[in-house]
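Taking it in order: structure first as C-alpha cells, then the write-up.
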Amino acid sequence: MRPAAAIRSASRPRPSVEAAGTAGRDARSSYCRGMATNTFIALLRGINVGGHNKVPMAELRALCGELDWEDVESYIQSGNLLFRAGGRAASLEGGLERAIEQRFGLSVSVLVRAGADWPGYVAGNPFPKASEKEPNLVMLALSKVPPRKDAVERLRERAADGERIERVDDALWIHYAGGSGRSKLSPSVLDRLAGSPVTTRNWRTVLKLDEMARDVS
C-alpha cells in the first residue's frame, strides 16, 4: 500500500489549463506591482500617417495596460506615450512592438526613453531661436542605438535649403528651414546614415512631452 501522504497527494484535483494560466497572469501582475516603477516616454514611428498603420490611441493605451504599464497617457495621434513601468527601456520597446504586431498586425518601431532624460533633450536644443519662431520645423531625431560617428557629416552632405544638423549626446537635431516635405533628409536616409531606425518629433511635441513627464513625476 502507498503511504497515506501519497494517497492524499494523488487525490488532489489538478488545476485546469485555464486556471493555471490565470494564476500565472495574476502572479506576474503581482510581481510587476511590487517592482519599482519609473516614468518613461515611448515614441511610435509612422502610425496614423496618411491613412496607413492605423492604431487608435484608446486601444493603444488599453494594450499598454495589458503589459502592466501604469498611468498611461497619449498625446495626439502620432504615437506619443507617457507611462510608468518597471524594467529597462530596451525591454519595454520590444514588449510593445510585439504586442502591437499581435494585436494590430503591424510592424511598428518603438523607441523608449526615461522621463528623467527628457529635460536633457529640451536643454540641449541647439536651435533655440529657430524653435521659437518655427517650432514645427525643428526636429528632435532619436535612434534605436546611438547614431554613427559620421552621421552628422553625412547628413550635412545631403542638406539643402538652409537645413542644419547637429548632434547633442545621443540625439540628432534637424532644422528643416525650408520645410520637411521636399527634404532629401527623408526617414529612410536618416535610418541608413544614423545606423538604426530613427523617429522624429517637432519642438512643440518635445516641450509637451516634457510638460507631461514633469506632471507625472
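With the working numbering applied, the sequence shown corresponds to residues 23 to 239, in that order. The C-beta atom is built at its ideal place from N, Cα and C for all residues, glycine as well.
Residue 197 and residue 65 have their C-alpha atoms roughly 20 Å apart. In this structure, DSSP gives residue 122 a helical state, which the three-state scheme calls helix. Between residue 180 and the set 106, 215, 137, the nearest pair of CA atoms involves 215. Counting C-beta atoms within 10 angstroms of its own C-beta, residue 63 has 16 or more neighbours from the protein chains shown and is therefore classed as buried. For residue 90, the closest C-alpha among the options 101, 76, 60 is that of 60. Counted as a single uninterrupted DSSP element, the alpha helix (DSSP H) harbouring residue 140 occupies residues 140 to 145. Residue burial is scored here from C-beta neighbours: residue 150 has fewer than 16 other C-beta atoms within 10 angstroms and is therefore classed as exposed.
Counting of Cβ neighbours within 10 angstroms places residue 132 among the buried residues, the total reaching 16 or more. DSSP lists no beta-bridge partner residue for residue 158. Counted as a single uninterrupted DSSP element, the stretch harbouring residue 193 is not any alpha helix (DSSP H) but the beta strand (DSSP E) occupying residues 193 to 197. Here the C-alpha atom of residue 160 lies approximately 25 Å from the C-alpha atom of residue 111. By the neighbour-count criterion, in which 16 or more other beta carbons inside 10 Å mark a residue as buried, residue 204 falls on the exposed side. Sorting 88, 168, 188, 184 by C-alpha distance to the C-alpha of residue 175 places 188 at the top. For residue 221, the secondary structure class from DSSP, reduced to helix, strand or coil, is strand.
Within the same chain, and ignoring the five residues on either side of residue 178 in sequence, the residues whose Cβ sits closer than 8 Å to its Cβ are 187. Collapsing the DSSP output to three states places residue 77 in coil.
With fewer than 16 other CB atoms across the displayed protein chains lying within 10 angstroms of its CB, residue 210 is exposed. According to the DSSP assignment, residue 71 belongs to no alpha helix (DSSP H), since it is labelled neither H nor E.
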